[in-house]
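*Asks:* Chains as they are written, first to last, in the numbering used here: chain A, 1 to 169; chain B, 170 to 360; chain C, 361 to 720; chain D, 721 to 1095.
Please read through the structure below; I'll follow up with questions.
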Amino acid sequence: MAGSRRGAPGEGIERAPMKVDGEADERVIRTVIDSFPTTVKDFQKVGAGVLRAKIDRRDLFRACKLLRDRLGFEHISMISAIEYADRFELVYHIACYGSCMLLELITSTPKDDPTVDSVSAIWGGANWQEREAFDLMGIGFNNHPKLERILLPKDFMYHPLRKEYKEGP
Amino acid sequence: MTGKDEGPSLGQAIAFRSKDFLKWSDSVMEGILRRSAVGRGLDFLTKDFFNWATRNSIYPLHFGIMCCALEMAVASAPRFDAQRFGVIYRSTPRQCDVLLVNGPVSKKLKPALRRLYDQMPEPKWVIAMGECAISGGPFYNSYSIVPGVDQFIPVDIYIPGCPARPEALIDGFLKLQKLIKENKKGLLTGR
Amino acid sequence: MAEMWINMGPQHPMTHGLWNLRIKVDGETITDAEPEVGYLHRGIEKICENRTYTQILPIADRLCYGASLSWNHLYCRTVEDLMGIEVPERAQYLRVAALEMQRIASHLMWLAAYAADLGMMIGFIYAMRDREIFIDLLQSLTGSRITYNFCRIGGVAHDVPPDFERDSLRACDYMEKKIREYYDLYEGSKVFMMRNVGVGVLTKEDAMNLGVTGPPLRASGVRYDLRKDMPYESYPEIDFQPITHPDGDCYARYCVRMEEMLESCKIIRQALQRMPKGKWRVLAPRNAPIGTGLGRVEDPRGEGMMYVVGDGTDRPYRLKIRSPIFVTVSAAKRMLVGYKVADVVAIMGGLDMCIGEADR
Amino acid sequence: MNLYEFSYGIIHWLVDLVNHLWYWLGSWLPGGLGDFFDDVGNFAASHSNISVFAIVLEAIIMFVIILVNVLNFIWIDRKFMGRMFDFYGPYYVGYRIGGWLQNLADGMKLFVKEIIVPAKADRFGYLLAPVIFVGSSIAILAAIPLSPKFAILTSPTDTGVPAGVLFAFAMFAIAPFSILVAGWASNNKYTLIGGMRSAAQMMSYEIPLLLCVASVVVLAGGFSFFEVVEAQRTVWFAIPLVIGFVVFIICMFAEVEVQPFDLPEAEAELVEGWTTEYSGMRFGLFMMTSYLRGYCAGALITALFLGGWIGPSFIPGPIWFLIKAYIVFVIVEWARWSLPRVRIDQLLNIGWKRLMPLAIVNLMIAVALKSLGWF
């Protein structure tokens, strides 16, 4: 009886060959550049299976929708917010299970108005990551279902990961 | 009905309301037990026995914060068995004697931990296990960590180590037993 | 009966670690769930910005105390990617062996907590006892029981102690025999199956969309294992099978983790046999170049990621940590609604919560 | 020489001793007061007065013996759990007697704890619940005889409580009421759910339990424990009524809230179930009483199914009874530590869909056997 009900390994969606190169990459790059000619800049391959692209923050939502629906990027891995001297940078790591690819989508926002469209409508996994970016770095996400602090107590005044917030108890 | 606040002297027979009678009888018993030789005698007889009982059955609270919580769980597992000393982990603060703080206390947790400490019945002790509980550990200069539990809870036993080993935890329990044995107080007269 | 918010507060035997689950209950069935984290937030990302690259190693250990070696290794990979260092062959095999031992110890820790939640004290005790064997192995290799600090940027801290290989092969044989015994202990008892089969079902689409990764994702039928699909260290040379299960309920998550322990035993054997002689560490420069580094590792709990931005000094400009449990917990509502209060324990236990990494 | 005569003798001897002094004192006093002393002395020595105190002494003796057994049960439970779980169990407390004093230490420690009544708790219910729970559990002991000679008897030729079995199960069924009151009164969500669950659990397991008891009583032909055990002189009831035996044990698991059906104090979900808000000696009473009910379950199983004090004569009756009770208790503990907890709706399913038909089938078998005249 031990484990008779277990499914045999290997079921589930079929996946592409292990070494990622050839047409899967090119197809992604071609479709993205065709649909967003003006705003996508320096789309490049970085290492095995990792792509990088810069995009303007106004097209972010539509680009992500395209990535999920047509190109099969079902999983948003990480949303990192980085503060530079002149701008805020948001790096979206989006993974595609089918062809084992990881896309690094970088958008930047001016220093005084750090707001971006929320992608939690596309991927449920982004919900809490965006709340954390708001909580620690203070980046606003438009039409996010419940944008409030998640890690820090509700009455915390600052955004601690900002450079001007000097740490200390 | 009694009027006078310090209550009637023993000789007068006066009708009482039930609450007053309870207060009056408490004060009389208080006089007999606490301040007189009867209390001292009773204490002398039962002090050692109850102290032995309290020493040998310490119930810590089943409350894990970080890596020291793993070591606390391992301490109750077969290899480092804490049950030999009568240490059983209870999950409600009402039935525990020891609050075992085994990780960094963030500012969000501080009120909750303080409430837990207040819920515990009186003869209670606190063990700060691991560097994070003693002084904030590797996160001492973090903006959201209270550096050290003893800032808002009186701590009796400190167990160093990051994470403190299970043997150190059991040694901490033994030290707590010695501590209870040293300041042995009578139940009634507190001497 | 009127709807009632129950507060499974920070201090609760079910929550292994500090988080709070507020569930709205209609009688015994759950209608709404809202997890709340942040009780263990130590501001690690802010601390890391003021420490040099080597000072962050012990901090990376204390991210998730259940599998501290995998987070230490993830940090080292990220910085090696930033600095462009190639780790010597022996260090790669040594890291793989140590990671798999850590995976078995972490899964056994999960099994102990899961059995204790369901009320099976015997499961807690046996899993804890067998975990001690792997803790001793890792202690002989690295020197400490829980937070190992074993990986360094550019390799491993020190070489293998004498007859380490003999002990670990013996431990793997013992573990495989024990897991057969666990199958009878757990799946033999009808009550365990009643509590697990068909509870907390997470469909494949929900799992992928909500960002659930690791054993809960593979238990929903998605065949995605970072060690196989985006291989790192010396995993390409080792042949093993990622484990999936079509159902996606608590029983499936239990099966995936038990089989993964068997796979890990196989991986340890192959890694130790193939380990070449030679250097186990390359010296890394003190300052990192300007640029970004990305590390992506299959943590026992899911997909752990770190993204570091170097600015030429010896301190990272920004270190972002992606914790699998932080995202999996956000999917708790989808798994909990519709089940009983008693199922909260089984479902949340199945996710192997490690709040250290979720709150950072 | 049964327990009644034994305690009657003691009280009689005691009263005579006191009377000698009393009469001597009475003779000194002037007329009126002296007669008053003589009347008191005569009344004390009268049969009715001595028999009352004899019964009180009987109850005390019985209670003390059972309590020592319950303490022993707690010790066995923790030692047996230790053996099953690869560790020693209580070891250093009472070092030379294998850690037996651990239970004493746990109990006595609770005496010196602070007594806390939660502020918003309903005081009356909060204070009443332990009294009912402990009282009803201890009342069961009065009904269960250890052997014909060793029971609470009211006259030398008495055969125990007339409807002993009925009385025992009536007392057994009072506990869920007090658990519900405790759950409601301590004003805490967890205890409320714990109380509800325990009421649901008891309801669904009371009926199969009593059906099995009915089948035993049908075979034995009488409600008193003595008749039930005497009827098992030829063959234990566990043999013909095997189904009833199994169903009875499962229902006892539920009644005494042992692990597979441990819902009301579910460690993992409801913190401590309905005892969450109790601290100090009230919690001590609850803990001790849960083991007392464990003993009662063991005793009822041996009395009804395993032929209470019937056994080869080289061991006296009560010892046989206790040996069987211990064995049953160890089996209960064995299941307790190795089975996970059942969910509340599965529990009710088992109670209504599985155990109820089995209990009815068992009753039919009993009636058939009785009508065939084999019993």
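Built from N, CA and C at the ideal position, the CB exists for glycine as well.
Taking Cβ positions only, does ILE482 (chain C) come closer than 7 Å to chain D?
*Replies:* True, the Cβ-Cβ gap to chain D drops below 7 Å.
*Asks:* Determine whether the Cβ of TRP1057 (chain D) lies closer than 7 Å to any Cβ atom of chain C.
*Replies:* Chain C, which has a Cβ nearer than 7 Å to the Cβ of TRP1057 (chain D), makes this yes.
*Asks:* In the region 227-243 of chain B, which residues sit with their C-beta less than 7 Å from some C-beta in chain D, listed in chain order?
*Replies:* Taking 7 Å as the Cβ-Cβ cut-off against chain D, none of the residues of the region 227-243 of chain B qualify.
*Asks:* What does GLU388 (chain C) reach in chain D if we use C-beta pairs closer than 7 Å?
*Replies:* The answer, in chain order, is ILE1064.
*Asks:* Where do the N-terminal and C-terminal ends of the alpha helix (DSSP H) with SER924 (chain D) fall, by residue?
*Replies:* 909-940 is the span of the alpha helix (DSSP H), which, as asked, contains SER924 (chain D).
*Asks:* Please list, in chain order, all residues of the same chain as PHE342 (chain B) whose beta carbon is under 7 Å from its beta carbon, the five residues on each side excluded.
*Replies:* The answer, listed in chain order, is ILE227, ALA251, PHE254, VAL256.
*Asks:* If you draw a straight line from the C-alpha of PHE973 (chain D) to the C-alpha of TYR508 (chain C), how long is it?
*Replies:* Spanning the two alpha carbons is a distance of roughly 45 Å.
*Asks:* Residues in the region 299-310 of chain B with C-beta within 7 Å of chain D's C-beta atoms, listed in sequence order?
*Replies:* Cβ contacts with chain D: none found.
*Asks:* In chain order, what residues of the same chain have a beta carbon less than 8 Å from the beta carbon of GLN217 (chain A), not counting five sequence neighbours either side?
*Replies:* Outside the displayed span of chain A (1 to 169) sits residue 217 (chain A), for which this structure offers no information.
*Asks:* Taking 7 Å as the CB-CB limit, is GLU834 (chain D) close to chain B?
*Replies:* Judged by the 7 Å Cβ criterion, GLU834 (chain D) is in contact with chain B.
*Asks:* Tell me, please, whether the CB atom of PRO316 (chain B) is closer than 7 Å to any CB atom in chain C?
*Replies:* No, PRO316 (chain B) does not count as interfacial toward chain C.
*Asks:* Name, please, each residue of chain C whose Cβ falls closer than 8 Å to the Cβ of TYR312 (chain B).
*Replies:* Result: GLY403, LYS406.
*Asks:* Can you find a C-beta in chain C that's less than 7 Å from the C-beta of PRO980 (chain D)?
*Replies:* PRO980 (chain D) counts as touching chain C.
*Asks:* Count the C-beta pairs between the region 878-898 of chain D and the region 942-961 of chain D that are closer than 8 Å, then say yes if the count reaches three, no if not.
*Replies:* Touching, per the Cβ criterion.
*Asks:* Please classify GLY444 (chain C) as buried or exposed, where buried requires at least 16 other C-beta atoms within 10 Å of its C-beta.
*Replies:* Label assigned to GLY444 (chain C): exposed.
*Asks:* Taking CB distances under 7 Å as the criterion, tell me whether SER594 (chain C) reaches chain A.
*Replies:* No, its Cβ sits nowhere closer than 7 Å to a Cβ of chain A.
*Asks:* I need the straight-line Cα distance from PHE156 (chain A) to ASP86 (chain A), nearest angstrom please.
*Replies:* The alpha-carbon atoms of PHE156 (chain A) and ASP86 (chain A) are separated by roughly 26 Å.
*Asks:* With DSSP collapsed to three states, give me the class of ARG186 (chain B).
*Replies:* Correct three-state label for ARG186 (chain B): coil.
*Asks:* Between C:LYS564, C:GLY426, C:GLU663, which has its C-alpha nearest TYR592 (chain C)'s C-alpha?
*Replies:* It is C:GLU663.
*Asks:* May I ask which residues mark the beginning and end of the beta strand (DSSP E) holding ARG656 (chain C)?
*Replies:* Here the beta strand (DSSP E) through ARG656 (chain C) covers 650-659.
*Asks:* In terms of alpha-carbon separation, which member of D:GLY914, D:ALA765, D:ARG1061, D:VAL760 lies closest to GLY729 (chain D)?
*Replies:* Measuring from the Cα of GLY729 (chain D), the nearest candidate turns out to be D:ALA765.
*Asks:* I'd like to know if ASN225 (chain B) contacts chain D, where contact means its C-beta is closer than 7 Å to some C-beta of that chain.
*Replies:* It does; some Cβ of chain D falls within 7 Å.
*Asks:* For the 8 Å Cβ check, are there 3 or more pairs between the region 697-710 of chain C and the region 385-404 of chain C?
*Replies:* Contact holds: three or more Cβ-Cβ distances are below 8 Å.
*Asks:* Measure the C-alpha to C-alpha separation of MET666 (chain C) and LEU423 (chain C) and round it to an integer number of angstroms.
*Replies:* In a straight line, the C-alpha of MET666 (chain C) is about 12 Å away from that of LEU423 (chain C).
*Asks:* On the criterion of 16 or more Cβ atoms from any shown chain inside 10 Å, does LYS680 (chain C) qualify as buried, or is it exposed?
*Replies:* Answer is buried; the Cβ neighbour count reaches 16.
*Asks:* Looking at C-alpha atoms only, which residue of B:PRO290, B:ASN271, B:VAL315 is the closest neighbour of LYS277 (chain B)?
*Replies:* Ranking the options by Cα distance to LYS277 (chain B), first place goes to B:VAL315.
*Asks:* Who are the Cβ neighbours of ALA888 (chain D) in its own chain at under 7 Å, not counting the five residues just before and after it?
*Replies:* Closer than 7 Å at the Cβ level, and outside the excluded window around ALA888 (chain D), lie ILE860, ALA863, ILE864, LEU1020.
*Asks:* Output, in sequence order along the chain, the residues in the region 417-442 of chain C whose CB is closer than 8 Å to any CB in chain B.
*Replies:* Those would be PRO418, ILE419, ARG422, TYR425, GLY426, SER428, in chain order.
*Asks:* Whose C-beta lies closer than 7 Å to the C-beta of TYR258 (chain B) among residues of the same chain, with five residues either side of it excluded?
*Replies:* PRO229, HIS231, SER245, listed in sequence order.
*Asks:* Buried or exposed for ASN367 (chain C), please, with buried defined as at least 16 other CB atoms from any protein chain shown within 10 angstroms of its CB.
*Replies:* Burial call: exposed.
*Asks:* Mapping the DSSP letters down to three states, classify PRO229 (chain B) as helix, strand or coil.
*Replies:* Correct three-state label for PRO229 (chain B): strand.
*Asks:* Alpha carbon to alpha carbon, how far is ASP674 (chain C) from GLN723 (chain C)? Give it in angstroms, no decimals.
*Replies:* It is not possible to answer for residue 723 (chain C), since the shown part of chain C is limited to 361 through 720.
*Asks:* How about ASP287 (chain B): is its C-beta nearer than 7 Å to some C-beta of chain D?
*Replies:* False, the Cβ-Cβ gap to chain D never drops below 7 Å.
*Asks:* Mind pulling the beta strand (DSSP E) runs of 3 or more residues that sit fully within the region 27-105 of chain A?
*Replies:* With a minimum length of 3 residues, the continuous beta strand (DSSP E) runs that stay inside the region 27-105 of chain A are 41-45, 50-54, 75-83, 87-96.
*Asks:* Give me the subset of the region 262-292 of chain B whose CB atoms are less than 8 Å from a CB atom of chain A, sorted by chain position.
*Replies:* Answer in chain order: LYS276, LYS277.
*Asks:* 7 Å is my cut-off, CB to CB: does GLY7 (chain A) come that close to chain C?
*Replies:* Its pLDDT being 41, under 50, GLY7 (chain A) is placed unreliably by the model, and nothing is read from it.
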